[in-house]
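**Q** Sequential numbering from 469 applies to the sequence shown in this note's numbering.
Glycine included, every Cβ here is placed at the ideal spot set by N, Cα and C.
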Amino acid sequence: MKRRDALGRVALLMGGTLSAPTMLAFLEGCKSGSDTASTGLDFPFSPERKALVSEVAEIIIPKTDTPGAKDAKVGEFIEKMLKDCYLEKDQASFNKGLKELEKKDFMKGTPAQQTAILKEMEAAAKQELAKADEDKKAADEKKKYTEAGKEYTEAGVPFFRLVKELTLLGYFTSEEGATQALEYVPVPGRYDGCIDLKPGQKAWAM
469 MKRRDALGRV ALLMGGTLSA PTMLAFLEGC KSGSDTASTG LDFPFSPERK ALVSEVAEII
529 IPKTDTPGAK DAKVGEFIEK MLKDCYLEKD QASFNKGLKE LEKKDFMKGT PAQQTAILKE
589 MEAAAKQELA KADEDKKAAD EKKKYTEAGK EYTEAGVPFF RLVKELTLLG YFTSEEGATQ
649 ALEYVPVPGR YDGCIDLKPG QKAWAM
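1. Hey, lysine 548 and alanine 623 are a contact pair by Cβ (cut 8 Å); roughly how many whole angstroms apart?
2. If you reduce the DSSP assignment to three classes, tell me which class leucine 650 lands in.
3. Within its chain, find whatever has a CB closer than 7 Å to the CB of glycine 638; leave out the 5 residues flanking it on each side and keep chain order.
4. So, does the stretch 524-541 touch the stretch 636-650, judging by three or more C-beta pairs under 8 Å?
5. For the putative contact between asparagine 563 and threonine 635, defined by C-beta atoms under 8 Å, what is the C-beta separation to the nearest angstrom?
6. Which term fits proline 579, buried or exposed, when burial requires 16 or more other beta carbons within 10 angstroms of its beta carbon?
7. Would you kindly work out how many angstroms separate the C-alpha atoms of lysine 666 and valine 625, rounded to a whole number?
8. With burial defined as no fewer than 16 other Cβ atoms inside 10 Å of the residue's Cβ, what is the status of proline 489: buried or exposed?
9. Assuming the contact rule is C-beta atoms closer than 8 Å, glutamine 581 and isoleucine 527 should be a hit. Round their C-beta distance to whole Å, please.
10. Grab the span of the alpha helix (DSSP H) containing serine 561 for me, first residue to last.
11. Near glycine 577, what residues of its chain come up, given a Cβ to Cβ distance below 8 Å and the 5 sequence neighbours on each side ignored?
12. With DSSP collapsed to three states, give me the class of alanine 671.
13. Under the three-state reduction of DSSP, which class applies to cysteine 553: helix, strand or coil?
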């Protein structure tokens, strides 16, 4: 699957555009190294954090008649992407979210309790993104008339937004996601630009 095709598919599933850090990380490739000492997010993840990240991903894409996020090793993908492809502010934001889940004993909760916690974080992320957008617009406006706007520093992407984007990207670019959750043709034949899907048919892998 081509990178731009994968991003387009995930953006569609997200119901809008992807965050800028995810777009840059996936399209431009990863850094050669990452100094994460100031973020609180230590690599490699501890076994407990590996299990936590994988569990969150599995709730986002659970196993049904197709493989789930754990089957596709999405947790490992998320760790690798965060370590090599994201800025410290996004790593710090992710760490903050993990600490919040740990504080709430997420792994000890029932499936219903875990889902409720993630829904709360999703709602908080939407509010945080809306406020960040307002703050950026205000800073851009100030830059026209004063030096004050230049003091604005863009915050990291909220935890839930990051983990959802990375879960979808990791899943639909994995062998399990591309070949079993989507219709897949290993060696495509001719290109047909507009084909009606049959009722219940899965979308095609790119």
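**A** Put simply:
1. The beta-carbon distance between lysine 548 and alanine 623, rounded to whole angstroms, is 23 Å. This is too long to meet the 8 Å contact definition.
2. Leucine 650 falls in the coil class under three-state DSSP.
3. If we look at glycine 638 and ignore the five residues flanking it on each side, its Cβ neighbours are Ala540, Val542, Phe545 and Ile546.
4. Touching, yes, given that three or more Cβ pairs across the two stretches are closer than 8 Å.
5. Not confirmed; about 17 Å, so no contact.
6. Counting Cβ neighbours within 10 Å, proline 579 comes out exposed, since fewer than 16 surround it.
7. Roughly 38 Å separates the two Cα atoms.
8. Buried, because 16 or more other Cβ atoms sit within 10 Å of the Cβ of proline 489.
9. The pair is not a contact, with the Cβ atoms about 11 Å apart (cut-off 8 Å).
10. Serine 561 -> alpha helix (DSSP H) spans 556-571.
11. The answer, listed in chain order, is Ile585.
12. Alanine 671 falls in the coil class under three-state DSSP.
13. Reduced to three states, the DSSP call for cysteine 553 is helix.
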